Amino acid sequence: MTVAERMRSIDQTAEDTQRAPGRGWAALLLLAAVCVAIGAYSWSLMIRFGMQYTGLNRPVGWGVLITDFVFWVGIAHSGTLISAVLFLFRARFRTAVYRAAEAMTVFGVMTAGLFPIIHLGRPWYAFWILPYPNQRHLQINFRSPLVWDAFAISTYFCVSAMFLLAGLMPDAAALRDGSHGLRRRFYALFAMGWRGTAEEWRHHGRAYLYFAAFATPLVISVHSVVSWDFAVSIVPGWHSTLFPPYFVAGAILSGVAMVITLLIPIRRAMNLEGIITKPHLDMLSRLVLLTSLIVSYSYSTEFLLALRGGASPERETLLYRATGAFWPFFWMMVLGNCIGPLFLFFRRVRTSLFGLFSICALVNVGMWLERFNIVVSSLEHNRIPFDWSTYHPRLAEIGITIGSFGWFFFWFLLFLKLLPSVSIAELKEEGAHDHHHEAAHAA
Amino acid sequence: MLLDLAAALSLPGIADRDFHELSKARWQAAAKALGAQLETPQAQRDVQARGVVVGKTDAAARPLRLESLPLLLGAPPPASEGLQLVAFATTLANADPDAPGWLREVPDALSGVSWSSWAELSPATAQRLGVKAGDLLMLRTGDGTAELPLAINPALHEDAVAVPRDAPELRMLGALGRSVRAERTGKTFALPLTGHASQEGRDLARVISSGGELKREHGHEEGGTLASPHEHPKHRWSMSIDLDKCTGCQACVVACYAENNLPVMGAQAAREGRLMAWLRIQRSVEPGPTPEATRIAVLPSLCQHCDAAPCEPVCPVYATYHTPEGLNAQVYNRCIGTRYCANNCPYDARVFNWKDPVFVEPLQMQLNPDVSVRSKGVMEKCTFCVQRIRYAEGAARDEGREVRDGDVTPACVQTCPAQALVFGDAKDPHARVVAQQQDGRAYRLLEEVNTLPAIAYLARRGGQP
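First to last, the sequence lines map onto chains A and B. Going by numbering that gives the first Met the number 0, the first residue of the first sequence is number 0, and it counts up by one from there. Going by numbering that gives the first Met the number 0, the first residue of the second sequence is number 0, and it counts up by one from there.
Structure (structure tokens):
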């Protein structure tokens, strides 16, 4: 394939993804919208009549909604890892997949950010958690991990959105130049006046590098902050210095697994098999394997420390987690997060779409259950045995969880059709680079 | 309380002596009558701890016969087969449909049941009948039948079925002491049951043998915290709770409902673990080898007003903070309802408003005007009756004096018939609460988490620790 042919094929593929949507896409979008409506109705009940619609009770103050929050923050993590960290490491397999991963990050944070508000007893005062000047001279409590959360999540949203938009500029400009009318104005918005001059490219390259460097520490810090919601408390089963690295590894595991879970159907549906190839998925699945091993190590450390520490509330809480009311959840989690990914040691599994998809889907389930186990079992089995109880999620909480998936996929589906889901500019750059090398070798 | 009354009436022989002297005179007389030897201090302490003088009498020992109980109650003697129907009094009126909400909602002290009638069986009998807690039990006498949900009571005699005296179903069963057949119906009933009745070996309500010392595994270590302790320039309100005196009667709990405008939430809330009580009696009923060996402990539990309160740093909006008088205050208006404080409270002292409270007409007329009614979505908890503290401080200021010990009496302290609760200023060296907190029996709940609570518990004396 000559350079010109290659460029044309990339252009063609990108153009194909922008074609008028099919019925399948419309049906999925409708489904997502219905899910959002279910979630919105469930939340409206809680706003009007109070948190009685949850299954929460006296010792269990947090449940499915906080589980969802941590889950979605985790999902958001891989995007930055793939687009920023791998960019800094010059890992070239990221080019084909990073745009989808980045979009997933932004939509993941947008979903996660809703939960701290939804789960408030008085969500209409959610803005009180932000430091804003007021006549009453009321300040926020900087010692509270929830305040750190508000900063971490909003920072993460801003940075990941900027990173996504910066990367989009040249592609949006290309699409703008090939379209008319409303569509043209839409792309012009994202192109931000991009003309493609050498100077713009130079600035863009610098800015992109800067954003990558700026976003990289966030991969570590945001989920560390989320883990402090638990680790800073004195609840047995939460109070652990292990939590930050354990949560970061878990976040990347769940995030990369989600990327793979989404990419496998997308590349099929949108004919991107030539761009997002099996070797790309192979590389991603190695990340799943690595982080799964870290997570397994963390689970065992957590248990060994508690078991070796003598009789203590920590030990009893952890034993309860594995054997108590939600024991199937615990062992499902072990199966999904620790045992399933071990099969990725085999190349045959890594390159089998079916195997990879099932393992990653199981990881997603396992990671949701992990957060549920941590949040719920620790509160159910706290320091005062008189209060030991079981938490049963209610319809409203399940409705909001469904709504969050609807919300996430609603945006993601729109993104797939409206914006290029692979980076045209970077693919071409890579193509040109490859060709250059091939030419040099031939000579 | 009776002694105070006697003193007020200046009864001769009583008014000029304190309780200790009176009781000593009483058991010494009993010992003399029985010819028991009580010379050693240890023997005297044992008498105090056990509350009985053991000696020999001339009469031959006769075992108490269960059959004689209905005779005492004026009922016909029972038939030989079947179980014996026993009615027992409760301090509240959980089973009485006509009782006011407070008395139905505050859980029964030993069974934990609220808002329902129930029948109790011993674990062995329940096993024999193939029923478990929450099953509906069909009780049959010659007079009639009644279906009652089952609660297991390990302290109950194996041949007895016990039903609270105010249960309307009792009328269906005819006279007490009848032989009653208990059958399983296969149906279940969601009994509104509060609390897990076991300490799971954590030894929260502590017991010391008479004359023994309190074992201290985790003392507060000086310098064991990086946080600097709070300064309390004037007062440091605190409380002591004598577990030796507490009978678990729940009067303090009801008083707290009345004083602090706690809403009555109903049976469903009791099932869901969403009762609003700021003060609860935590019970533990641990079965022993025989019904008599059942170990029962009660622990009044409320906000400990910690000096290093775990709830305070986690609130993002400072809705909870430490006042200069040592109270852990909750600002309802500022609370946004993250519930993080409740999660982080090791004592589970905090209560969340899952919905707007309802005070059915005309109950709104009995609300305490000094205490705000909270709305849905905010956290609340024991305030040490801060409104009463403010009144006492105001009264003292009007009279141009300092607040004296005994000026401030929270509702629970005022109501306790056994005077198990003592409230006062820990900065006043002559306060009764200070003397109690320095007692050898005094300990703090969950000392290992180093929260420095303002409440000291005094371990129960006697029995096996």
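C-beta: ideal position from N, C-alpha, C; glycine also. Everything numeric in this text was worked out from a predicted model, so none of it was measured.
When only Cα atoms are considered, Ser116/B and Leu137/A end up about 50 Å apart. DSSP places Phe162/A inside the alpha helix (DSSP H), whose first and last residues are 144 to 176.
DSSP, read as helix, strand or coil, puts Ile233/A in coil. Judged by DSSP secondary structure, Val287/A falls within the alpha helix (DSSP H) whose first and last residues are 277 to 307. The C-alpha of Arg338/B is placed about 30 Å away from the C-alpha of Met257/A. With respect to the 8 Å criterion, Arg459/B and Leu136/B are not classified as neighbours on the basis of their beta carbons. Taken in chain order, the members of the region 265 to 278 of chain B whose beta-carbon sits within less than 7 Å of a beta-carbon on chain A are Glu271, Gly272, Arg273.
Across the set Phe246/A, Leu241/A, Val33/A, Val218/A, the C-alpha of Phe246/A shows the shortest separation from the C-alpha of Met366/A. Pairing Leu113/A with Phe68/A, the inter-Cα distance amounts to about 8 Å. From the beta-carbon of Asp355/B, the residues of chain A found nearer than 7 Å are Gly49.
Given a length threshold of 3 residues, each whole run of the beta strand (DSSP E) inside the region 178 to 211 of chain B is given here in chain order: 178 to 187. For Asp107/B, no pairing in a beta bridge is given by DSSP.
Straight across, the Cα-Cα distance linking Ser143/A with Val313/B is about 4 Å. Between the C-alpha atoms of Leu283/A and Leu341/A there is a straight-line separation of about 14 Å.
Between Phe210/A and the set Asp15/A, Trp330/A, Gly166/A, the nearest pair of CA atoms involves Gly166/A.
DSSP places Trp193/A outside both helix and strand once states are collapsed to three, so it counts as coil. At a Cβ-Cβ threshold of 8 Å, Ala154/B and Ile280/B do not count as neighbours. Pairwise C-beta distances place the region 261 to 276 of chain A out of contact with the region 219 to 233 of chain A, as fewer than three of them are shorter than 8 Å. Among the residues of chain B, those whose CB is under 7 Å from the CB of Leu378/A are Asn342, following chain order.
Sequence-distant Cβ neighbours of Gly100/B in its own chain, meaning closer than 6 Å and more than five residues away, are Val263. Interface with chain A (8 Å Cβ-Cβ cutoff): Cys314/B is included. Boundaries of the beta strand (DSSP E) around His321/B: 319 to 321. Within the same chain, Cβ atoms closer than 7 Å to the Cβ of Met161/A are found at Phe210, the five residues on either side in sequence being excluded. If you compare the alpha carbons of Glu199/B, Lys131/B, Asp142/B, Lys380/B with that of Glu315/A, the shortest gap goes to Glu199/B.
Looking from the CA of Val84/A, the closest CA among Ile263/A, Pro216/A, His434/A belongs to Pro216/A. Taking the Cα of Gly73/A as reference, the smallest distance to any Cα among Ser41/A, Glu199/A, Met109/A is reached at Met109/A.
Bounds of the alpha helix (DSSP H) holding Gln436/B are 431 to 436. For the set Val284/B, Pro452/B, Val316/B, the Cα lying nearest the Cα of Gly111/B is the one of Val284/B. It is roughly 18 Å from the alpha-carbon of Arg180/B to the alpha-carbon of Phe87/B. Neighbours of Thr337/B in chain A, taken as residues at a C-beta separation under 7 Å, are given in chain order as Leu119, Leu145. Its Cα nearest to that of His321/B, the residue Arg235/B stands out among Leu301/B, Thr289/B, Arg235/B. Chain A has no Cβ within less than 8 Å of the Cβ of Phe358/B. The region 124 to 131 of chain A and the region 343 to 360 of chain B do not touch, with fewer than three beta-carbon pairs separated by less than 8 Å. The Cβ atoms of Ser239/A and Ala230/A sit closer than 8 Å to each other.
For Pro312/B, the enclosing alpha helix (DSSP H) begins and ends at 310 to 313. For the region 439 to 458 of chain B, the set of residues with a beta-carbon nearer than 8 Å to any beta-carbon of chain A comprises Leu445, Val448, in chain order.
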